[in-house]
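Student: Residue numbers (our numbering), protein chains in the order written: chain A, 1 to 482; chain B, 1001 to 1227.
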Amino acid sequence: MTTTAFAGGDAKRARLAPKATFKERVHDKLHDAKVQRAMRNFNLAGARARAIGELDNLEDIRTASAAIRDRALAHLDVWLERFEREALARGTHVHWAETHDDINRIVVDIARKAGVRKIIKSKSMVSEESHLNVALEGAGMQVVETDLGEYIIQLKGETPSHIIAPAIHLNRDDVADVFHEHHGTERKTDPTALTMEARKFLREHFLSADMGITGANFLIAETGSTIIVTNEGNGRMTTTLPRVHVAITGIEKVIPTLEDVACVLRVLTRSATGQSISNYVSINTGPKGDGDADGPVENHVVIVDAGRSALLGTDMQEALRCIRCGACMNHCPVYQNIGGHAYGWVYPGPIGSVLTPNYIGLENAVDLPHAATLCNQCGVVCPVRIPLPDLLRKLREKQTDRGLRPWQERVGLRAWAWFAQRPGLYALATRVAARIGRRMGGSNGLIHALPGNGGWTVERDLPAPQGRTFRELRAAGAKRAS
Amino acid sequence: MTAVSARDRILSRLREARGADPSAHDSERALVEARIREHPVGPRPTMAWTDAVERFRAECVRAASTVDTVATRAEVPLAVARYLVAKQLPTQAVAWPELGDLDWAAADIEIDFRAAQGDDPVGITGAHLAIAETGTLMFLSTPRTHPVTSLLPETHVAVVPASRVVRTMEDAFERTRVEVGALPRATNFVSGPSRTADIEGVLQIGAHGPFRVHVIVVDDRAPPASA
């Protein structure tokens, strides 16, 4: 059961987080000119296409990368034990969090014991799952996000709309306003000037923080290290300057060897931003050593379950291969129209539509498995070959099995099944429906409003049936041919 | 301790989920150890280039670094000065101690051999290795090779002997295993100056790290034998 791994408070919060229904959110986003402009402007798919062309054996590397992830998942507990042993040997403190509340409790505890006042954060999506910033601020600590996009949305009090481009839904005027308000500086709209202003303000925070929190792209079992892949340099600052470093990541992120890291990196960064490698790939192993001039005195890793173990050994396990590149959302026609916030939880796009129902409960995300056309663009680009359309279809089946679909749909499908099992009646019913449909279509052959399903025709017309069914046409054709 | 029992609960959940045979735990551990010992290399793209140093230089430029080449180590201070003056940058620098034997005074560079601080304008480092495939510098932290010096200053100059250029990241890891053994506290791969595209997807060079990465290759390879 998905819910067993959750403390009651977490599940409740996850359910309460979205302010409206999925359909209401989608409607808002489709009619939000700013979001629509931002989405049209957004083209990481093009960047990927150019970069992926550099690999003449892309399919081999995708297959190998999927196999590397599968190898880790096949003996996940053994690889995690191996990671833990190496990490402990290098002086890293290893913590295990079963729930989102555990993450917050563990990190607040580490911070309290170390007398931490100011915390800088590099991007961590797992910390978004648990609302860690709220917990730390509640414990009286100052938390500063340092990824530029995360910093902007933190100042605006928003959540990320994309896993690697968190502020993609905003434009330069939004950033200009929020910087002007929070920094007390002259308002400026030039992206270069805004970036320089953030650099100046965040540099102060980097140099004065007591603790740094990061995610981890992988836990390397061979060396007991965490690895982060970034472009801005904030990840390096966060793991190097404060006296305490905490890395938070999921149990599924363990990877066996350094060679495996090298293999997967070739497709991770190309799939994400179209770079052959990110600017900074940083492997951190333990706290600072004797005589080191820099590096944290305390190094912690928090390994998080929070719903993940429920996918292992099930027909959803392939979703745990995910390396969080974002390619599935960058190529998703649904994501590109509604943006990330419409999905209502931490992970948007096709992978989000698979992970969210699994992590917060299928009953709390009934619309997400349907927020896809199953066009398989995501499956084609996924660097670790997650069969996303298959997983979405399986979730739809589970919803039907558990009676989670709306009653109209359930009754409708039962009615259809009843007719489909009676070929004579089915032929009659479809003949009648086809003729009624033709009348409804009028002179231009288009139905503008569908009785009982008005939502379908709000943004489009339904081409009307021609008046005869396929079987009638086929029978007539066979007669002519003979 | 709660943390200990959370660990055991998570691990036993995972074992149960994959239907693990408790008597196979030792053999599974042996499998994992064998895989790590062997650490096989995965598929790499066909690399149509042969000269790793040439490729490294070209990829550095593609990653928005600048590159200079000198014949000997002794020429490095003048090459650094040439670069800083041409770019109208300050000539005060901090550097790794291993560069302390060079004649910086002759190049009019005011230099300190210590870890960089937040307001040092120029940081000069060596590099553990460099990777040709992607134009990447690899740094290992030690008490004498400070990670902050390639991070905090607005300008980072890296001195790379040609003999330290390897073809791929896999080669870099293998060579590190042989030469150093275990990874140090920080292993950093750097490919060009810091950047972001978080405001409207517009690329900006110089987010939090250096605005400029200048690579000086010391071509210490033996000259080609004459025919």
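For glycine and all other residues, C-beta sits at the position ideal for the given N, C-alpha and C.
A quick note: this is a predicted structure, and the numbers were derived from the prediction, not measured.
1. Mind checking which residues open and close the beta strand (DSSP E) that includes serine 1150/B?
2. Got a sec: which bits of the stretch 49-73 of chain A sit with their beta carbon under 9 Å from any beta carbon on chain B, in order along the chain?
3. Assign alanine 1052/B to one of two classes, buried (16 or more other C-beta atoms within 10 Å of its C-beta) or exposed (fewer than that).
4. What are the uninterrupted segments assigned as beta strand (DSSP E) that are 3 or more residues long and contained completely in the stretch 86-123 of chain A, given in chain order?
5. DSSP three-state call for glutamine 154/A: helix, strand or coil?
6. Hey, would you say leucine 1137/B sits closer than 8 Å to valine 1180/B, going by beta carbons?
7. I want to know whether the stretch 1157-1164 of chain B touches the stretch 1119-1130 of chain B - three or more CB-CB distances under 8 Å.
8. If you count every other CB in all the chains shown that lies within 10 Å of the CB of proline 481/A, and 16 or more means buried, which is it?
9. Just curious, the alpha helix (DSSP H) that aspartate 70/A is in, first and last residue?
10. Counting only Cβ pairs nearer than 9 Å, list the residues of chain B close to isoleucine 152/A.
11. Secondary structure at phenylalanine 1173/B, three-state DSSP: helix, strand or coil?
12. Determine the direct distance from the alpha carbon of leucine 1183/B to that of serine 1163/B, and round the result to whole angstroms.
13. Out of curiosity, what's the CA-to-CA distance linking glycine 1192/B and proline 350/A?
14. Are the Cβ atoms of alanine 113/A and threonine 238/A separated by less than 8 Å?
15. Closest Cβ-Cβ distance between glutamate 81/A and chain B: below 8 Å?
16. State the start and end residues of the unbroken beta strand (DSSP E) segment that holds valine 175/A.
17. Of all the options Gln399/A, Arg460/A, Ala262/A, Asp109/A, which has the alpha carbon lying nearest to the alpha carbon of histidine 1039/B?
18. 8 Å is my cut-off, CB to CB: does alanine 1186/B come that close to chain A?
19. Give, in chain order, every residue of the stretch 205-238 of chain A whose Cβ lies closer than 8 Å to some Cβ of chain B.
20. Can you round the beta-carbon distance between arginine 236/A and glycine 1209/B to whole angstroms, since I take them to be within the 8 Å contact cut?
21. Can you tell me whether phenylalanine 470/A is buried or exposed, with buried defined as 16 or more other CB within 10 angstroms of its CB?
22. Just reading off the alpha helix (DSSP H) that arginine 414/A is part of, what are its end residues?
23. Any Cβ of chain B within less than 8 Å of the Cβ of leucine 362/A?
24. Beta strand (DSSP E) containing histidine 1214/B: first to last residue?
25. Is there at least one Cβ from chain B nearer than 8 Å to phenylalanine 179/A's Cβ?
26. Take the Cβ of alanine 1154/B as the centre, count every other Cβ of all protein chains shown within 10 Å, and call the residue buried at 16 or more, exposed below.
27. Going along the chain, which residues of the stretch 297-318 of chain A sit with their C-beta nearer than 7 Å to a C-beta in chain B?
28. Chain A partners of threonine 971/B, CB-CB under 7 Å?
29. Tell me which same chain residues have a C-beta within less than 6 Å of the C-beta of leucine 1129/B, skipping the five on either side of it?
30. Does the beta-carbon of glutamine 466/A have 16 or more other beta-carbons within 10 angstroms, so that it is buried, or is it exposed?
31. Who are the Cβ neighbours of aspartate 315/A in its own chain at under 7 Å, not counting the five residues just before and after it?
32. Excluding sequence positions up to five away, which residues of its chain have a Cβ less than 7 Å from the Cβ of valine 304/A?
33. Work out the CA separation of histidine 169/A and arginine 40/A for me, nearest whole Å.
34. Could you say if the stretch 1099-1113 of chain B and the stretch 1071-1082 of chain B meet the contact criterion of at least three C-beta pairs nearer than 8 Å?
35. Starting from leucine 1084/B, trace the alpha helix (DSSP H) both ways and give me its first and last residue.
36. Helix, strand or coil: how does DSSP classify alanine 1003/B here?
Tutor: This is what the structure gives:
1. Per DSSP, serine 1150/B belongs to no beta strand (DSSP E) and is neither H nor E.
2. Glu54, Leu55, Asp56, Asn57, Leu58, Asp60, Ile61, Thr63, Ala64, Ser65, Ala67, Ile68, Arg71, Leu73
3. buried
4. With a minimum length of 3 residues, the continuous beta strand (DSSP E) runs that stay inside the stretch 86-123 of chain A are 93-97, 118-121.
5. helix
6. no
7. yes
8. Going by the sequence as given, residue 481/A is alanine instead of proline. Exposed is the call here.
9. 58-74
10. Residues of chain B passing the Cβ test: Asp1198, Ile1199.
11. helix
12. 21 Å
13. 32 Å
14. One point to set straight first is that residue 113/A is lysine, not alanine, in the sequence displayed. No, they are not a contact pair.
15. yes
16. Membership of valine 175/A in any beta strand (DSSP E) is not indicated; the residue belongs instead to the alpha helix (DSSP H) covering 172-183.
17. Ala262/A
18. yes
19. Phe206, Leu207, Ala221, Glu222, Thr223, Ser225, Asn231, Glu232, Gly233, Asn234, Arg236, Met237
20. 7 Å
21. exposed
22. Where arginine 414/A is concerned, the enclosing alpha helix (DSSP H) stretches over 407-420.
23. no
24. 1212-1218 is the extent of the beta strand (DSSP E) around histidine 1214/B.
25. Judged by the 8 Å Cβ criterion, phenylalanine 179/A is not in contact with chain B.
26. Looking at the sequence shown, residue 1154/B is not alanine but glutamate. When all chains shown are included, glutamate 1154/B counts as buried.
27. Asp305, Ser309, Leu312, Gly313
28. Shown here, chain B extends from 1001 to 1227; a query on residue 971/B therefore has no answer.
29. Met1138, Arg1164, Val1166, Ala1172
30. Exposed is the call here.
31. Lys394
32. Ala97, Ile103, Val126, Ile248, Thr249, Gly250, Ile251
33. 10 Å
34. yes
35. 1076-1086
36. Summary for alanine 1003/B: the model assigns pLDDT 47, below 50, so the residue's position carries little reliability, and this model does not support an answer.
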